[in-house]
Amino acid sequence: MSTTNRILLCDNVWKVYGPDADTFLSTREQPPSPEDLAAAGLLAAVRGVSLSISQGEIFVIMGLSGSGKSTLLRCMTRLVEPTAGSILLGGTNLLNATERQLMQIRREKMGMVFQNYALMPHLSALENVAFPLKVQGMKRAAREARAQQMLDLVGLGGRGRHYPHELSGGQQQRVGIARSLTLEPDIWFLDEPFSALDPLVRREMQDEFLRLQTLLRKTIVFVTHDFAEAVRLADRIAIMREGAVVQVATPEALVLAPADPYVSAFTRDIPRAQVVTARSAMDLGPDAAGSAGVAAAARVIDIAERVLAAEGPVAVLAEDGGVLGALSREAVIRLLLAQPHTRPAPVQ
Amino acid sequence: MTAVELRSEPESRGDAVRGAGAARLPALALLAVAVLLCLLPQFGVEMPPALAAIPDRFILPWRQWAGEALTYVAKDSHIGPVMVSEITRGIAGVILQPMLLLQGLVSKGLTVGGVELPPLPWPSVMLASALLGLRFGSVRLALLTGGALLYAALFGLWDATMLTLASVLVSVAFGVLLGTWLGILAFRHPRVDRALQPLYDVMQTVPIFAYLVPILYLFGFGPVGAMMATVIYAMPPMARVTTLALRGVPASIGEAAAMAGCTRGQVMRLALLPSALPKMMIGVNQVLMLSLTMVIIASVIGADGLGAVVLKALQSLKIGRGLEAGLAIVLVAIALDRLGQAIAERRPQHRDAAGSRRWALAFAVALVLPCLLAPMIPALANWPADWSVSTASWWDARIAQMNLAFAGPLRELKTFAFLWLLRPTKLFFLAVPWIGAVTLVAALGLLLGGWRLALSCGLMMLFVAGCGFWEPAQLSLYLIAISVALALLIGMPLGLACAASPRFNAGMRVVLDTIQTLPSFVYLIPVIMLLGSGDFPALIAIVVYAVTPAVRFTADALRHVPGEIVEAARMSGASRWQNFGWVKVPLARPGLLLAVNQTVMMAFGMLVITALIGTKGLESDTLISLSKADPGRGIIAGAAMAFLAIIIDRLLRAAAGGQAARP
Chain A
1 MSTTNRILLC
11 DNVWKVYGPD
21 ADTFLSTREQ
31 PPSPEDLAAA
41 GLLAAVRGVS
51 LSISQGEIFV
61 IMGLSGSGKS
71 TLLRCMTRLV
81 EPTAGSILLG
91 GTNLLNATER
101 QLMQIRREKM
111 GMVFQNYALM
121 PHLSALENVA
131 FPLKVQGMKR
141 AAREARAQQM
151 LDLVGLGGRG
161 RHYPHELSGG
171 QQQRVGIARS
181 LTLEPDIWFL
191 DEPFSALDPL
201 VRREMQDEFL
211 RLQTLLRKTI
221 VFVTHDFAEA
231 VRLADRIAIM
241 REGAVVQVAT
251 PEALVLAPAD
261 PYVSAFTRDI
271 PRAQVVTARS
281 AMDLGPDAAG
291 SAGVAAAARV
301 IDIAERVLAA
311 EGPVAVLAED
321 GGVLGALSRE
331 AVIRLLLAQP
341 HTRPAPVQ
Chain B
1 MTAVELRSEP
11 ESRGDAVRGA
21 GAARLPALAL
31 LAVAVLLCLL
41 PQFGVEMPPA
51 LAAIPDRFIL
61 PWRQWAGEAL
71 TYVAKDSHIG
81 PVMVSEITRG
91 IAGVILQPML
101 LLQGLVSKGL
111 TVGGVELPPL
121 PWPSVMLASA
131 LLGLRFGSVR
141 LALLTGGALL
151 YAALFGLWDA
161 TMLTLASVLV
171 SVAFGVLLGT
181 WLGILAFRHP
191 RVDRALQPLY
201 DVMQTVPIFA
211 YLVPILYLFG
221 FGPVGAMMAT
231 VIYAMPPMAR
241 VTTLALRGVP
251 ASIGEAAAMA
261 GCTRGQVMRL
271 ALLPSALPKM
281 MIGVNQVLML
291 SLTMVIIASV
301 IGADGLGAVV
311 LKALQSLKIG
321 RGLEAGLAIV
331 LVAIALDRLG
341 QAIAERRPQH
351 RDAAGSRRWA
361 LAFAVALVLP
371 CLLAPMIPAL
381 ANWPADWSVS
391 TASWWDARIA
401 QMNLAFAGPL
411 RELKTFAFLW
421 LLRPTKLFFL
431 AVPWIGAVTL
441 VAALGLLLGG
451 WRLALSCGLM
461 MLFVAGCGFW
471 EPAQLSLYLI
481 AISVALALLI
491 GMPLGLACAA
501 SPRFNAGMRV
511 VLDTIQTLPS
521 FVYLIPVIML
531 LGSGDFPALI
541 AIVVYAVTPA
551 VRFTADALRH
561 VPGEIVEAAR
571 MSGASRWQNF
581 GWVKVPLARP
591 GLLLAVNQTV
601 MMAFGMLVIT
611 ALIGTKGLES
621 DTLISLSKAD
631 PGRGIIAGAA
641 MAFLAIIIDR
651 LLRAAAGGQA
661 ARP
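Going line by line, the protein sequences match chains A and B. Everything in the first sequence is counted per full-length UniProt numbering, starting at 1 for the first residue and increasing by one. Everything in the second sequence is counted per full-length UniProt numbering, starting at 1 for the first residue and increasing by one.
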């Protein structure tokens, strides 16, 4: 993971509300605790967050309401001005950018989807999607042609003339997604995009999101308060609490090795087979039967049927086809029954 | 300036409550002293003259100062090398252009490049208005908008109506622009907002005539002056609604625009303002109605239009003619209000896109076709005289008949009211010594809000007592007191009935909505018709006008008592009356006090207009100052009246708990 190209780097980012918050922070040698801040009449929304996000990954920021996750996302886009720290996007520090430069960066590199869709009520779906192009002064015909492509992409091609209030929640968010992709951003920010939708539609939109991602391969920062959603979508998850990041790991590592009781409380209801990969569930050794093995990165839930149907343990294969180990029926059954895995988790 | 401190009063209520135990006793003692001081003259106790009325030698020459200051600003002052008078006349000139254009278009004809063009023929305007109604509302609205104009044409009021409409539309355009700009400014800079809010409060309580005096000085006599006054009078709600509407737009819409790469200006222009527009339309509608009210009243300073027709008719006692023109005002007001509401409530539909071209075509045909036909068919260019009807003489006859038939009872009623209600109350108020009034206001302020409220209200009352208009102030207050008492006596039971019976409420709402739409001026017409002029007809006009908020706010207050609490009381075995007296009324108290407050404010609004039918209070001083070109008199009397209204407003709001919402 660390070898791939890092596109977004947050270094010790703080967002503190209150009078003279920046001088308070800069005069401190030790990072202040929430109690210190409260004593000074300040309120910290984001406390010393450092993150690196790689090209093409889905990075989910998970936390309960008030944990600072949305504020952190807005610091990354500078919709909220961070109090301290630095944010590097492809090598340039966002916090040094002037208003004009920032505008250019947003036009060229960033797209954002909002929790409550944030569609302009006076514009039709098509005009909403075309809005970022209109802002740049593109001619109507050209921008609406492009917007139509985007609407087709999210499956709303026929609803371009409808106004937001004439669309369902799911449809409105499809428009929001189309709008955020109009400018072909490098990095795609989604702020609780599906939280306002009812469960069935939410599920459908998550599938749609994954479908789009296999097509587009964006770098994604996705904020949610729903751990199941995070597990379902994420390559890596950052768990936030009271403005600080508690743990950053893959869904599997979070479930197998939670950093503290707070994190493990979230993981309790997650079916193990859904997150654990064949690699972590297998037994080491060469006693696998045959060459028709399973991929090491496959999640157990997806290969369970094949392993259970097989005569003996099934080979677990690396990407180059080499045999890494064997997956036994017993291991699979134990995971399906959500028994805590006994083997120590592999170090990530 | 005083009002700035006042604004913070509700926030400081916490202190007042905490200090209540300690501060209550001195406040109550002060109140007792104040009541005693006010009542002493009633028991024949001679007050030292200096305490009864502030002796002349202590009265500062406010009136002179105000007059001189205004004269200086208007005539001699300059900013850099440019005279202020040149600036104001310049602004007036700029505003005059669209006004002349519109007036020329609908009524007087235009000269473009040496070619004289006739005004739009009446069928153009009438059809276009009906189409507007159809486009934004329904066939019923189309009948209303078209019908109002048909009425105007039928009764020979076409030109007057067109002039009124032109003035209203131009004032609305300026009021909306100015209000939107100030609203955006307040939205972006909370400090500006805090400075403007109390200013709007004052602007909306200053008597209309008091506006007119300085404006005449600054902008000259005539339609532009009238329009400036209209814009200033009608603008505050627009500014307020704009700020509120912008605050109501979800933050994410602004963020989405920023993420799309908008500049700051683009965020406002392309995202925030359009998203706030539906709510802002409520403000536009208010500007529309206030402008109409003001345009009608502006006839007093020589603006043409329907108001002038009514005024002239009333002055020459041609009651029937006044009634016809008054009805035209009523129809125009209702049509404008309903059209404005229909536009405000509209939301875009995807089906519209196809239809909008057809609508545009329909409008073009409606406007152009009569213009093309008019040269051939003169009846289209000008409404033929023999198509006109007049019911004026019929009305005059009916009224004469009625006056004859009811002369006896009416005279008796008037005499009775005068002997048993007006005269005693008037004498009572005139006997109240200034020291008593100031102490009373301060004591109430201390009791209800704390020392800051006491100080600011006391100082304002001291100004009223010491500005040289103490007697007119008492005469204003006495009329307000009686009319508010009567309006509440009538309105609150009606409000109760509304809250109790949905069917009664539905019927009442239609009546109230209509009554509320009418410009205050209209109320004078039937009153003069039946009762002539003087304090009694003024009283009736004020009561009729002020009864609306009494009904509406009482019903609202009672209806907003949480149903669960009422059910809990019923389950506790409370009888109907116990439930009402022990549960509903105490819970609805802030709302009921707000009802009283609104009634008082409306009463002040109407009192101002009653100067036209010969009342003698502060309102008449503001009116007289117009005709005598004595600006100091108008400004100071106007300020005194505004202070009286503000004092009552603040005290009642404090009593309601400070947090009661503004209407």
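The beta-carbon is built from N, C-alpha and C at its ideal position, and this holds for glycine as well.
If you ignore the 5 residues before and after B/Ala487, its C-beta comes within less than 6 Å of the C-beta of Val543, Ala546, Val547, Ala550 and Thr599, all in its own chain and listed in chain order.
Within chain A, the C-beta atoms nearer than 7 Å to that of B/Thr263 come from Met103, in chain order.
Contact check for A/Met103 against A/Thr77 fails: the beta carbons are separated by 8 Å or more. Residue-level contact check: A/Thr77 touches chain B, since one or more beta carbons of chain B fall below 8 Å from its beta carbon. Beta-bridge partners assigned by DSSP to B/Val82: B/Ile79.
For A/Phe114, the three-state secondary structure derived from DSSP is coil. Using a 10 angstroms sphere on the CB of B/Gly113, the tally of other CB atoms stays under 16, which defines it as exposed. For B/Asp193, the three-state secondary structure derived from DSSP is helix.
Contact between B/Ala442 and B/Cys457 holds: CB atoms are separated by about 7 Å, below the 8 Å threshold.
In this structure, the CA atom of B/Ala645 is about 13 Å from the CA atom of B/Glu619. For the segment 153-166 of chain A, the set of residues with a beta-carbon nearer than 7 Å to any beta-carbon of chain B comprises Arg161, His162, Tyr163, His165 and Glu166, in chain order. Contact of A/Phe131 with chain B by beta-carbon distance below 7 Å involves Ala260.
B/Leu331 and B/Val213 have their C-alpha atoms some 30 Å from each other.
With fewer than 16 other Cβ atoms from the protein chains shown falling within 10 Å of its own Cβ, A/Ala265 counts as exposed. B/Ile329 places its beta carbon 8 Å or farther from that of B/Val35. Between the C-alpha atoms of B/Lys426 and B/Leu475 there is a straight-line separation of about 7 Å.
The closest CA to that of A/Pro193, considering only A/Phe131, A/Ile177, A/Leu308 and A/Pro164, is found on A/Ile177. Rounded to whole angstroms, the separation of the alpha carbons of B/Glu564 and A/Thr267 is 41 Å.
Every alpha helix (DSSP H) stretch that sits fully inside the segment 20-91 of chain A and reaches 4 residues is listed by chain position as 21-26, 34-39 and 69-77. Nearest CB-CB separation between A/Val223 and chain B: not below the 8 Å threshold. Contact annotation: the segment 222-232 of chain B does not touch the segment 66-83 of chain A, with fewer than three C-beta pairs closer than 8 Å. Inter-residue distance for A/Leu183 and A/Leu190 is about 15 Å (C-alpha atoms, whole angstroms).
Around the CB of A/Lys134, 16 or more other CB atoms lie within 10 Å, so the residue is classed as buried. Within 10 angstroms of the beta-carbon of B/Lys75 lie fewer than 16 other beta-carbons, which makes it exposed. Boundaries for B/Tyr72: no beta strand (DSSP E) harbours it, and the DSSP string shows neither H nor E there. In terms of beta-carbon proximity, B/Glu255 lines the interface with chain A, with at least one pair separated by less than 8 Å. A straight-line Cα-Cα distance of about 35 Å links A/Ala309 and A/Val263. Residue environment for B/Glu255: buried (at least 16 other C-beta atoms within 10 angstroms of its C-beta). Pairing B/Met162 with B/Gln103, the inter-Cα distance amounts to about 7 Å.
For A/Ala118, the C-beta contacts it makes with chain B under 8 Å involve Pro250, Ser252, Ile253, Glu255 and Ala256, in order along the chain. By the rule that beta-carbons nearer than 8 Å mark a contact, B/His560 does not touch chain A. Residue contact check for A/Met112 against chain B: a CB pair falls below 8 Å. DSSP links A/Lys109 through a beta bridge to no other residue. In the three-state reduction of the DSSP assignment, A/Asn93 falls in the strand class, which pools E and B.
The three-state reading of DSSP puts B/Glu619 in helix, counting H, G and I together.
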